[in-house]
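Take a look at the structure set out below.
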Amino acid sequence: MAQTQISDVVVPAEFTAYQVENSMVSTAFYQSGVIVGNGEMQSQLVAGSQQFTVPFWSDAGEIEADITNDNPAILSTPQKITAAAQVVRKSFLHQSWSEMSLASELSGSEALQRVQNRVQAYWDRQWERRLVATMLGVLYSNVANNSADMVLNISLSTGTPTFANIFNGIGVINAALTLGDRLNDVKGIAMHSYIYSKALINNEIQFFKPSENGLEIATYKGMAVIVDDALVTAVPGIYVTILFGPGAVGYAVAEPRTGFGTEIWRTPAAGNGGGQTTLHSRFNAAIHPLGFSFTGASVAGESPIISELALAANWTRAVSQRKSVPLAFLISN
1 MAQTQISDVV VPAEFTAYQV ENSMVSTAFY QSGVIVGNGE MQSQLVAGSQ
51 QFTVPFWSDA GEIEADITND NPAILSTPQK ITAAAQVVRK SFLHQSWSEM
101 SLASELSGSE ALQRVQNRVQ AYWDRQWERR LVATMLGVLY SNVANNSADM
151 VLNISLSTGT PTFANIFNGI GVINAALTLG DRLNDVKGIA MHSYIYSKAL
201 INNEIQFFKP SENGLEIATY KGMAVIVDDA LVTAVPGIYV TILFGPGAVG
251 YAVAEPRTGF GTEIWRTPAA GNGGGQTTLH SRFNAAIHPL GFSFTGASVA
301 GESPIISELA LAANWTRAVS QRKSVPLAFL ISN
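Counting from 1, position 333 in the sequence shown corresponds to residue 333 in my numbering; the numbering is continuous, with no gaps.
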């Protein structure tokens with residue numbers, strides 16, 4: 001029997017469309033409403049330039065309403081609503097797989113679906129890693145520039161931690177309280193696997209399926225759980241937990257403006273003439289936290305790499321009120 005090849009099952013245009021349409025949708029971030037597709041970001045991804053701005057109206061404020069009367073000489077004074085903008089940086093991303101590395105997916109039935117799932121799973125992991133790094137960058141920027149008003153630090157760096165220093169429900173609630181009267185907006189929580197394991201041991205993790213055919217999602221006190229081992233600090237044994245409100249992060253994914261999102265390349269001379277076929281996958285992507293701007297102060301290349309997304313120097317808060325950012329951070333043992 002002849003072996004199935006990449007070119008036998010992959011139609012590049014259809015393959016790219018599938019990847020774009022399904023990006024992020026199977027992740028806990030998307031299922032919980034923490035990350036949402038943004039039409040403005042989507043349209044800007046296919047335009048030129050490395051970055052773009054997304055304008056927004058500032059909050060209307062808390063000035064007390066006027067008391068009306070029947071005196072025509074008394075005129076109300078209109079309040080000013082100002083506009084601001086968030087700067088979003090594009091990421092130009094690529095990965096490739098040889099036919100040999102996809103051998104198990106290409107064998108047997110439903111080869112196309114298996115290859116699609118393999119590539120989709122890779123990109124979903126990349127989106128989550130880039131999102132978590134972005135959140136760490138926002139955290140460090142907030143500590144450096146905004147008096148850590150989005151952060152609750154209960155950790156103990158030296159000595160033996162007590163219950164007050166260890167991740168616990170009280171700490172989570174108090175971290176959410178940095179959002180003030182919007183604390184009930186929190187819908188998602190990202191934690192390190194060590195923290196997750198402790199929550200599991202304490203029977204604090206519950207599971208549910210958003211649909212009959214959907215993935216099972218872990219929850220902590222009603223919040224969708226994302227587990228990522230990048231949520232550490234420079235001090236061993238101290239971890240970062242992130243609380244997300246709905247729509248805390250906007251995202252967009254598109255195929256490149258020029259070139260091909262999916263490309264199959266054959267190198268006949270490879271392997272001393274044995275030949276090699278490679279599947280290339282490319283995306284323009286933007287993953288951006290609500291209320292912040294990307295400064296790009298410390299980016300070496302055309303796009304920020306994951307470690308650069310986690311730098312405080314690359315982020316600045318664009319909104320004036322802390323409550324306008326639906327994020328909070330808990331640092332604990």
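Here a beta-carbon is modelled for each residue, glycine too, at the ideal position from N, C-alpha and C.
Within this structure, are the beta carbons of residue i and residue j separated by less than 8 Å?
{"i": "T295", "j": "A310", "result": "no"}
{"i": "G33", "j": "P246", "result": "yes"}
{"i": "K342", "j": "R182", "result": "The shown model of the chain, from 1 to 333, leaves out residue 342, and the question about it has no answer."}
{"i": "A234", "j": "V88", "result": "no"}
{"i": "M41", "j": "A248", "result": "no"}
{"i": "K334", "j": "G169", "result": "Lying outside 1 to 333, the shown extent of the chain, residue 334 is not represented and no answer is given."}
{"i": "L330", "j": "A175", "result": "yes"}
{"i": "A269", "j": "S293", "result": "no"}
{"i": "L102", "j": "R125", "result": "no"}
{"i": "D228", "j": "A190", "result": "yes"}
Comparing alpha-carbon positions, which option in the options lies nearest residue i?
{"i": "T278", "options": "Q95, M41, T77", "result": "Q95"}
{"i": "A224", "options": "A254, N202, D185, G237", "result": "D185"}
{"i": "F167", "options": "S141, M150, T241", "result": "T241"}
{"i": "R257", "options": "L45, P12, V172", "result": "L45"}
{"i": "G39", "options": "G250, S298, T267", "result": "G250"}
For residue i and residue j, I'd like the C-alpha separation in whole angstroms.
{"i": "I205", "j": "L179", "result": "23 Å"}
{"i": "F52", "j": "G37", "result": "16 Å"}
{"i": "N165", "j": "L93", "result": "40 Å"}
{"i": "V138", "j": "Q86", "result": "13 Å"}
{"i": "F29", "j": "Q113", "result": "23 Å"}
{"i": "T316", "j": "A133", "result": "15 Å"}
{"i": "F244", "j": "S193", "result": "18 Å"}
{"i": "E14", "j": "H280", "result": "14 Å"}
{"i": "N333", "j": "S303", "result": "34 Å"}
{"i": "A47", "j": "S141", "result": "29 Å"}
{"i": "N145", "j": "I238", "result": "22 Å"}
{"i": "F207", "j": "I35", "result": "20 Å"}
{"i": "S157", "j": "V325", "result": "28 Å"}
{"i": "S276", "j": "Q116", "result": "A small correction: the amino acid at residue 276 is Gln; Ser does not occupy that position in the sequence shown. Roughly 20 Å between the two C-alpha positions."}
{"i": "Q50", "j": "I226", "result": "29 Å"}
{"i": "I74", "j": "A300", "result": "59 Å"}
{"i": "N284", "j": "W123", "result": "12 Å"}
Can you list, in chain order, the residues of its chain whose CB lies under 8 Å from that of residue i, leaving out five sequence neighbours each side?
{"i": "M1", "result": "Because the pLDDT of M1 is 35, which lies under 50, any placement of that residue in the model is unreliable, and the number read from its coordinates should be weighed accordingly. Nothing meets the Cβ criterion."}
{"i": "I173", "result": "L183"}
{"i": "P12", "result": "F260, G261, T262, E263, I264"}
Looking only at its chain, what residues have a beta carbon closer than 6 Å to the beta carbon of residue i, apart from the 5 residues adjacent to it on each side?
{"i": "W265", "result": "T278"}
{"i": "L152", "result": "N174, A175, L330"}
Who are the near neighbours of residue i in its chain, counting only those whose CB is closer than 7 Å to its CB and skipping five residues on each side?
{"i": "P161", "result": "N333"}
{"i": "M150", "result": "N142, T178, R322, V325, L327, A328, F329"}
{"i": "A344", "result": "Outside the shown range of the chain, which is 1 to 333, sits residue 344, and nothing can be said about it."}
Is there at least one Cβ from chain B nearer than 8 Å to residue i's Cβ?
{"i": "N333", "result": "Note that chain B does not occur in the displayed structure, where there is just one protein chain."}
**OP:** List in chain order: all unbroken beta strand (DSSP E) runs of 3+ residues lying wholly within the region 232–308.
**Re:** Within the region 232–308, the complete beta strand (DSSP E) runs of at least 3 residues are 239–244, 249–254, 262–267, 276–289, 292–294.
**OP:** For the region 158–217, list the alpha helix (DSSP H) runs that are entirely contained and at least 4 residues long, ordered along the chain.
**Re:** Whole alpha helix (DSSP H) segments, 4+ residues: 169–176, 193–201.
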